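Note that the sequence shown covers residues 1 to 200 in the UniProt record's numbering. Every residue, glycine too, gets a C-beta built ideally from N, C-alpha and C. Note that the coordinates shown come from a computational prediction; the quantities given were computed from them, not determined experimentally. Below is one structure, written out as structure tokens; comments come after it.
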Amino acid sequence: MTAEDPTLRLRVARPRDAAAMLAIYAPIVRDTAISFELEPPTEREFANKLETVLATHPWIVAEDAEGLLAGYAYATSFRARPAYDWTCESSVYVAAGHRGRGVGHLLGTVLIDLLAGQGFTCVVAGIALPNEPSRVLHRRLGYREVGVVERAGVKFGNYHAVEFWERALGADAAAPAKAPTEFARWVAGGGLAGTRIAPA
Numbered sequence: 001m002t003a004e005d006p007t008l009r010l011r012v013a014r015p016r017d018a019a020a021m022l023a024i025y026a027p028i029v030r031d032t033a034i035s036f037e038l039e040p041p042t043e044r045e046f047a048n049k050l051e052t053v054l055a056t057h058p059w060i061v062a063e064d065a066e067g068l069l070a071g072y073a074y075a076t077s078f079r080a081r082p083a084y085d086w087t088c089e090s091s092v093y094v095a096a097g098h099r100g101r102g103v104g105h106l107l108g109t110v111l112i113d114l115l116a117g118q119g120f121t122c123v124v125a126g127i128a129l130p131n132e133p134s135r136v137l138h139r140r141l142g143y144r145e146v147g148v149v150e151r152a153g154v155k156f157g158n159y160h161a162v163e164f165w166e167r168a169l170g171a172d173a174a175a176p177a178k179a180p181t182e183f184a185r186w187v188a189g190g191g192l193a194g195t196r197i198a199p200a
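What follows is the structure in structure tokens.
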């Protein structure tokens, strides 16, 4: 188990972080099948996605002692139909120089706390195989494996399987009465108080 870096600062992502996050993400798109995107998005496309996500779900970044981005994590809707409103899908990306230092675990832990605070009851993650570091991370975060889609995607001329993991949020057995609060409204209402997230 890797100890978390106490110098890391977590905050909500901002549009001006797009270039730094894209520097982490673009090589993953170009060089691996971890992401099923075939071409990296432009900085403007990335910033637009960020703004769209932040209206409804958390998107957080970790900064190191020098103010450089060590990684980021966010959640999106799992499916569009209303019955899925309590389920979301998580993503965590860590800069190459910070991997193996607890950054992903810290981001994933705080993301889970934020989602639970909003009222989500289930978070899902899809892991393109093989990716043992991601499997280890999600197991440590309390996710459990629920199944594999063997031919989920084609990249670099090959089929790639995707393994799905889920984590329950909250212990209530009864179905919730109201949908999760949108992230922007939750933050405006003081939702970040008492969390690991620093003021913007």
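Looking at the structure shown, is Ser90 part of a helix, part of a strand, or coil, going by DSSP?
As a working note, residue 90 is residue 90 in the sequence shown. Strand at Ser90.
Looking at the structure shown, is Thr76 part of a helix, part of a strand, or coil, going by DSSP?
Locating residue 76 in the sequence shown gives position 76, counting from the first residue. Of the three classes helix, strand and coil, the one that applies to Thr76 here is strand, per DSSP.
According to DSSP, is Met1 part of a helix, a strand, or is it coil?
Against the sequence shown, residue 1 aligns to sequence position 1. Residue placement at Met1 cannot be trusted, given a pLDDT of 41 that sits under 50; what the coordinates show is reported in the next sentence. Coil at Met1, not helix or strand.
Go ahead and label Glu166 buried or exposed: buried means 16 or more other beta carbons lie within 10 angstroms of its beta carbon, across all protein chains shown.
What you label residue 166 is simply residue 166 of the sequence shown in a count that begins at 1. Burial call: buried.
Nonlocal neighbours in the same chain, by C-beta distance under 6 angstroms from Ala33, ignoring five residues either side
The residue given as residue 33 occupies position 33 in the sequence shown. So the list reads Ala128, Lys155 and His160, once near-sequence residues are dropped.
Arg99 and Asp5: beta carbons closer than 7 angstroms?
Here residue 99 is taken as the residue at index 99 of the sequence shown, counted from 1. Here residue 5 is taken as the residue at index 5 of the sequence shown, counted from 1. In this structure, Asp5 does not lie closer than 7 angstroms to Arg99 by Cβ.
Please check the pair Ala13 and Trp86, which I expect to be a contact at CB under 8 angstroms, by giving their CB distance rounded to whole angstroms.
Residue mapping note: residue 13 aligns to position 13 of the sequence shown, counting from 1. Residue mapping note: residue 86 aligns to position 86 of the sequence shown, counting from 1. That pair is no contact at about 23 angstroms.
Please go through the stretch 82-146 and give each complete alpha helix (DSSP H) segment of 4 or more residues, from N-terminal end onward.
103-118 and 132-140
Provide the residue span of the alpha helix (DSSP H) that contains Glu51, from first to last.
Taking the sequence shown and counting its residues from 1, one reaches residue 51 at position 51. Looking at the DSSP string, the run of the alpha helix (DSSP H) that includes Glu51 is Glu43 to Thr56.
Simplified DSSP assignment, three categories, for Leu10
Taking the sequence shown and counting its residues from 1, the one referred to as residue 10 is at position 10. Strand at Leu10.
What residue range does the alpha helix (DSSP H) around Arg185 cover?
Taking the sequence shown and counting its residues from 1, the one referred to as residue 185 is at position 185. It spans Phe183 to Ala188 - the alpha helix (DSSP H) in which Arg185 sits, taken as one unbroken run.
Residue closest to Gly71, alpha-carbon to alpha-carbon, out of Arg30, Asp17 and Phe36
Within the sequence shown, residue 71 is the residue found at index 71, counting from 1. Cα-wise, what sits closest to Gly71 is Asp17.
Run through the DSSP bridge pairs and tell me what Phe164 is partnered with.
For the purposes of this step, residue 164 is identified with residue 164 of the sequence shown, where counting begins at 1. BP columns for Phe164 point to Gly126 and Gly147.
DSSP state of Leu22 mapped onto helix, strand, coil:
In the sequence shown, counting from the first residue as 1, residue 22 sits at position 22. In the structure shown, Leu22 sits in a helix (DSSP, three-state: H, G or I).
For Leu22 and Ala62, believed in contact at Cβ under 8 angstroms, the rounded distance
Taking the first residue of the sequence shown as 1, we reach residue 62 at position 62. Taking the first residue of the sequence shown as 1, we reach residue 22 at position 22. At roughly 16 angstroms, the Cβ-Cβ gap does not stay under 8 angstroms, so Ala62 and Leu22 are not in contact.
Taking only beta-carbon atoms, is Pro41 less than 7 angstroms away from chain B?
Given the protein chain composition of this structure (a single chain), no chain B is represented.
Taking the beta carbon of Val92 as the centre, do at least 16 other beta carbons fall within 10 Å, making it buried, or is it exposed?
Residue numbering aside, residue 92 sits at position 92 when the sequence shown is read from its first letter. So Val92 ends up on the buried side.
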